[in-house]
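To start, the structure itself, in structure tokens.
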Ligand code: GLC
Ligand code: MG
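Numbering (this note's numbering), first residue to last: 39 to 289.
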């Protein structure tokens, strides 16, 4: 077997079925050892919440960690220092204070905990009912001030405001270029809105787990491609199914 780049979201994608996770971990660890396959986690969580998850679940140490919805990259996840080159890209045109001040005018936006407010990510809770009306208004209010940002709504409850170059998909492109790995040798896995960027950025092989949220399912239906696979099984079970489908795993 040849090596590949394995990129996965954590919550409700890699994590959610402990038995399947154990099985997948074993295959990935062996593949990494024998072929040099690389493992990357791409999560919406902050480093603090990532570390918390590592105390609760059995996670293989990744070769790189992408946190905060793609806005931070750690080549050594044990340190607090994110990659400065990627941070430099994120900082272009980003004005955190002005974004926070603009969002403060919307009473339906409830600020997420302090740990989830990051240098290049501002996050709120927002109900689905309120989202339909609020999102276009907020978007144009930000635009009017010349703030070129990205609004990402996930799971019917989380709103992230990110730099225009900040998302999981662009972070994966950055890693692929650094490591010299083709899109055909890259597989990305996810379940919700903040994972759409993983699937839409290029022709990476995509695995959408069987428990995917409606926003990702809808996107998948609207954007059919033979390099994307909607699994039957949930979470790590769906990942295993997809890795076999694409021939990354043989047994
Ligand atoms: C994670 C983060 C949260 C973010 C959400 C969706 O739950 O902790 O801040 O809004 O992912 O991206
Ligand atoms: Mg998820």
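By construction, the Cβ of each residue, glycine as well, lies at the ideal position given by its N, Cα and C atoms.
In DSSP terms, what residue i is bridged to
| i | result |
| --- | --- |
| residue 227 | 46, 245 |
| residue 198 | 161, 190 |
| residue 76 | 43 |
| residue 103 | 79, 112 |
| residue 156 | 159 |
| residue 148 | 163 |
Helix, strand or coil at residue i according to DSSP, with G and I counted as helix
| i | result |
| --- | --- |
| residue 274 | helix |
| residue 265 | coil |
| residue 53 | strand |
| residue 132 | coil |
| residue 259 | helix |
| residue 118 | coil |
| residue 233 | helix |
| residue 142 | coil |
| residue 210 | helix |
Contact with chain B by residue i, beta-carbon distance below 8 Å
| i | result |
| --- | --- |
| residue 230 | No chain B is part of this structure, which consists of one protein chain only. |
Between the CA atoms of residue j and residue i - distance to the nearest angstrom
| i | j | result |
| --- | --- | --- |
| residue 250 | residue 266 | 13 Å |
| residue 151 | residue 158 | 15 Å |
| residue 82 | residue 161 | 10 Å |
| residue 55 | residue 277 | 11 Å |
| residue 63 | residue 119 | 26 Å |
| residue 235 | residue 72 | 30 Å |
| residue 164 | residue 66 | 36 Å |
| residue 223 | residue 241 | 10 Å |
| residue 272 | residue 199 | 28 Å |
Neighbour-count burial assignment, residue i, 16 or more Cβ in a 10 Å radius
| i | result |
| --- | --- |
| residue 275 | buried |
| residue 86 | exposed |
| residue 306 | Outside the shown range of the chain (39 to 289) lies residue 306, about which nothing can therefore be said. |
| residue 288 | exposed |
| residue 148 | exposed |
| residue 128 | buried |
| residue 115 | buried |
| residue 57 | exposed |
May I ask you to verify whether the region 96-113 touches the region 202-213, counting CB pairs closer than 8 Å and requiring at least 3? Short answer: they touch.
Touch check for the region 171-181 and the region 125-141: three-plus C-beta pairs under 8 Å? Yes: at least three Cβ pairs fall under 8 Å.
Can at least three beta-carbon pairs, one atom from the region 280-287 and one from the region 251-261, be found at a separation below 8 Å? Touching, no.
Any contact between the region 214-223 and the region 90-98? By contact I mean 3 or more CB pairs, one from each, below 8 Å. Touching, no, given that fewer than three Cβ pairs across the two stretches are closer than 8 Å.
Is the region 39-50 touching the region 68-80 in the sense that three or more CB pairs, one from each, lie closer than 8 Å? Yes, the region 68-80 touches the region 39-50.
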